[in-house]
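Going by the working numbering, the first residue of the sequence shown is number 12, and it counts up by one from there. Glycine included, every Cβ here is placed at the ideal spot set by N, Cα and C. What follows is a short report on a single structure.
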Amino acid sequence: MSRSSVTGKEFVIRYVFNDVSNMNENDMRISTVEEYFNVPWIFQIQRNNGNLGIYLRCRKLKGQEMWSMFTELELKLISVYSDTRDQKCKTDMCFGHDSGKFYSSYGWSEFISWNELETSFMDAGSITVEARVIINKSIGFYTPKLMNFDEKKKEYSDIVVLVDGQRFYLLKKFLAFHSTFFESLFLGGFYEAKLTEVPLYDIDVDDFQKFLEVLYGFPVINDNTVEGILLLADMYQTPLVSELCEDFLIQTTGKTYKKKLQMAIKFNLENLKQFCISMIKSPFDLRSMIPSDISSIDHSTLAALFTKSLTLMK
């Protein structure tokens, strides 16, 4: 799985299962919940017929509205010796509704033999599993459009932006005013400045719709849309949109502090990061806020968390 997502949406979940060496036949363990793009995920492992099964489960409810998420999935068992000896399995997977059925999980019941697990992948009874998910298309996640940018807006536009086959009729200077990316693209020396239609790649068309609606003043930032909008705000260097998303995450969202801190680190939201750290009042708060993948934390955040831990010891 070497290529990037066609929507720009991808994530990695890593989790350490402890005391695996004491699992009996048919014993099952589940991980804590991790949330990405407002969808909750968990790992499940099971000892089964002398093997270890590993599964990734999507915890988004079936609900009344149909939804689908088309992904490329890679599950990995981390070797205690070297990266080259990691055990991997890959597949294309649609979570949600597909061909009249509903799918909420995928995995392999015989991911690895128990003997090999104990020999090469278990460290003091613990194992580390990882999932890399590339989201290529999502359907049924967002509310209807609040503003149209279709051909009816053609006479008011001077550029057509093409995203995944959909045309958006827009104004170059409006985009350039808010975004240094679009300023360089449309008003700089790039050849796109002379074009009447410009394609944008590796983004989700629904995220781009919501991103534009934010720029035009519509209140579309919510728990469901905020991460996708932030992804584009960061990609296209759009401070106004980033600040509005950051304010939402600080003031009104129901997301966990762990998720907020993860987003603050990923999108360099300093105010949100400081807010999250200020909410740590106990060692339990500190442990619950630290991401499962420690390597994702930048040095300045690690230093701030370490300083906070020292104050809790006083």
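A straight-line Cα-Cα distance of about 12 Å links Leu242 and Phe22. As computed with DSSP, Thr139 is found in a beta bridge with Val27.
Between Ile240 and Val252, the C-beta gap is smaller than 8 Å, which places the two residues in contact. By DSSP's assignment, Arg178 forms a beta bridge with Leu173. Rounded to the nearest angstrom, the gap between the Cα atoms of Lys221 and Thr236 is 8 Å.
Between the region 48 to 56 and the region 168 to 179, the count of C-beta pairs closer than 8 Å stays below three; the two stretches do not touch. Annotated as proximal: Asp97 and Lys87, with beta-carbon spacing under 8 Å. With a beta-carbon spacing of about 16 Å, Val91 and Asp30 fall beyond the 8 Å limit used to define contacts. In the structure shown, Arg96 falls within a helical segment according to DSSP collapsed to helix, strand and coil.
In the three-state DSSP reduction, Gly19 falls in the coil class, being neither helix nor strand.
Residue environment for His310: exposed (fewer than 16 other C-beta atoms within 10 angstroms of its C-beta). Here Asn126 carries a helix assignment [DSSP, helix/strand/coil]. As a beta-bridge residue in DSSP terms, Tyr66 pairs with Gln55, Gly118.
For the options Glu83, Asn279, Lys183, Gly64, the alpha carbon positioned closest to that of Gly19 is the one of Glu83. Short of 7 Å from the beta carbon of Cys256, and not among the five residues preceding or following it, lie these beta carbons of its own chain, in chain order: Ile232, Val237, Ile240, Leu241, Ala244. Met158 has its alpha-carbon roughly 20 Å from the corresponding atom of Ser190. In this structure Ile276 is in contact with Thr312, their Cβ atoms being roughly 6 Å apart against a cut-off of 8 Å.
In this structure, DSSP gives Val225 a helical state, which the three-state scheme calls helix.
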